[in-house]
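Worksheet for the structure shown next.
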Amino acid sequence: MTHYPIAIFGEVLFDQFPDGPAILGGAPFNVAWHLQAFGQRPGFISRVGDDALGVSIRTAMQDWGMADANLQTDPEHPTGTVQVTFPNGEPAYQILDQQAYDYIAEPTAITAPLLYHGTLALRYATSAQALQALAARLDCTVFIDVNLRAPWWQAEQVKTWLAAADWVKLNEDELYQLTRQQATLKETLQAFLQELQLTALIVTRGSLGAVALTAGGEFIEVVPSSQAAITDTVGAGDAFASVLLLGLQKAWPLALAMTRAQEFASALVMHKGATVQDKGFYQRFIAGWGL
1 MTHYPIAIFG
11 EVLFDQFPDG
21 PAILGGAPFN
31 VAWHLQAFGQ
41 RPGFISRVGD
51 DALGVSIRTA
61 MQDWGMADAN
71 LQTDPEHPTG
81 TVQVTFPNGE
91 PAYQILDQQA
101 YDYIAEPTAI
111 TAPLLYHGTL
121 ALRYATSAQA
131 LQALAARLDC
141 TVFIDVNLRA
151 PWWQAEQVKT
161 WLAAADWVKL
171 NEDELYQLTR
181 QQATLKETLQ
191 AFLQELQLTA
201 LIVTRGSLGA
211 VALTAGGEFI
221 EVVPSSQAAI
231 TDTVGAGDAF
241 ASVLLLGLQK
251 AWPLALAMTR
261 AQEFASALVM
271 HKGATVQDKG
281 FYQRFIAGWG
291 L
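Numbering (full-length UniProt numbering), first residue to last: 1 to 291.
Rendered as structure tokens:
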């Protein structure tokens with residue numbers, strides 16, 4: 001049995017950009033990648049195909065220092081790929097069907113006090129049942145990062161997963177797809193948090209920053225400190241989530257974790273793609289945050 005500070009469950013894939021390059025991604029993988037760079041040694045649980053892309057993912061993980069014991073190999077289904085386009089400057093994703101990450105088996109040799117997962121990898125029963133069994137066995141704090149990617153979600157199914165969580169992060173558009181809009185954003189958060197009985201609800205708002213509301217009534221707003229030159233926004237929410245998880249692991253006050261999450265996400269969007277392979281990129285955060 002291997003103990004990890006954070007278990008991360010879900011998809012790993014390649015984002016194929018319109019100008020040619022394929023960049024390693026998938027929300028859970030992006031979060032695990034950042035946490036590894038921050039020295040947290042996450043336990044990443046996913047599945048790749050028995051193909052060249054799968055080999056390259058395993059190699060990238062090993063080169064980054066990530067544990068790959070829970071990266072499964074599927075003999076029948078391909079490693080995940082996504083076509084990324086930018087209509088009106090915002091990323092859009094064409095997500096292929098029947099990918100290896102749809103068939104994740106429950107890992108039985110892992111323990112962790114904190115479990116992160118998204119919603120995309122739960123679109124089919126195999127991975128969904130594996131995640132459900134893992135969460136029941138670990139009996140730990142659950143952090144869900146919502147990713148509503150058409151046509152791969154249904155509102156009631158997503159809300160069932162959210163109701164089993166402690167912490168939920170989603171963007172503002174996703175919030176209004178899952179709950180009725182109230183007079184103010186804060187009132188919308190209050191109603192949704194109460195409906196789901198969450199510990200905390202975090203909503204990212206792009207250039208407007210992010211807000212958080214806790215069960216204790218703490219309401220936090222953060223905004224980017226400056227308008228940096230944005231290369232693309234793919235993975236900005238994942239960068240934000242990784243620092244929130246880091247804050248949970250380090251017992252930071254939520255206001256501090258939110259401020260640092262916004263700082264890191266603002267730096268990430270200056271790079272192409274959702275992962276950065278230069279460890280120097282992380283050094284100012286490691287030094288500034290005392291990691």
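For glycine and all other residues, C-beta sits at the position ideal for the given N, C-alpha and C.
These numbers come from a predicted model, not from an experiment.
Whole-angstrom Cβ separation of Tyr116 and Pro253, contact assumed at under 8 Å? Separation of the CB atoms of Tyr116 and Pro253 is rounded to 20 Å, and the pair is thereby denied contact status at 8 Å.
Excluding the 5 residues preceding and the 5 following Met61 in the sequence, name in chain order all residues of the same chain whose CB lies nearer than 7 Å to its CB. Within the same chain, Asp68 and Leu71 come within 7 Å of Met61 by CB-CB distance, once the 5 residues on both sides are set aside.
Cβ contact check for the stretch 86-97 and the stretch 218-237: 3 or more pairs under 8 Å: The answer is yes - the stretch 218-237 touches the stretch 86-97, with three or more Cβ pairs under 8 Å.
What's the C-alpha gap between Leu138 and Pro113? Rounded to the nearest whole angstrom, the C-alpha separation of Leu138 and Pro113 is 7 Å.
Excluding the 5 residues flanking Leu198 on each side, which residues of the same chain have their C-beta closer than 6 Å to its C-beta? In its chain, beyond the 5 residues on either side, Val168 have a beta carbon closer than 6 Å to the beta carbon of Leu198.
Please classify Val142: does DSSP put it in a helix, a strand, or coil? Strand, per DSSP.
Mapping DSSP to helix, strand and coil, what is Ala128? In this structure, Ala128 counts as helix in the three-state DSSP scheme.
Rounded to whole angstroms, how far is the Cβ of residue 302 from the Cβ of Asp166, which I believe are closer than 8 Å? Coverage of the chain is limited to positions 1 through 291, which leaves residue 302 absent and any answer about it impossible.
Ala130: which of Glu263, Gln177, Trp152 and Ile8 sits nearest, CA to CA? Closest option to Ala130, Cα to Cα, is Ile8.
Proximity below 8 Å, CB of Ile23 to CB of Phe14: Yes. Within cutoff.
Between the Cα of Leu162 and those of Thr188, Glu195, Arg149 and Pro151, spot the shortest distance and give me the residue it belongs to. Answer by Cα proximity: Glu195.
Which of the three DSSP states is assigned to Ser56 in this structure? Under the three-state reduction of DSSP output, Ser56 falls in the helix class.
State the Cα-Cα distance for the pair Glu263 and Arg58, rounded to the nearest angstrom. If you draw a straight line from the Cα of Glu263 to the Cα of Arg58, it comes to about 29 Å.
Using 8 Å for Cβ pairs, my map puts Val31 next to Ser242. What's the rounded Cβ distance? Confirmed, about 5 Å.
For Ala261 and Phe285, I'd like the C-alpha separation in whole angstroms. Looking at the two C-alpha atoms, the distance is approximately 10 Å.
So who's on the other strand from Arg47, going by DSSP bridges? Paired residue(s): Gln72.
Please say whether Ala212 and Asp238 have beta carbons closer to each other than 8 Å? Not a contact, by the Cβ cut-off of 8 Å.
So, using beta-carbon positions, are His77 and Gly118 closer together than 8 Å? Going by C-beta atoms, His77 is not nearer than 8 Å to Gly118.
Thr188 versus Pro75: straight-line alpha-carbon distance, rounded: Just so you know, the alpha carbons of Thr188 and Pro75 end up roughly 45 Å apart.
Quick one: Cα of Phe240 to Cα of Ala52, how far? Just so you know, the alpha carbons of Phe240 and Ala52 end up roughly 30 Å apart.
Expressed to the nearest angstrom, what Euclidean distance is found between the alpha-carbon atoms of Glu221 and Thr160? Cα-Cα distance, rounded: 27 Å.
Return the residue from the list Met66, Trp64 and Thr73 that minimises the CA-CA distance to Val55. The residue with the shortest Cα to Cα distance from Val55 is Thr73.
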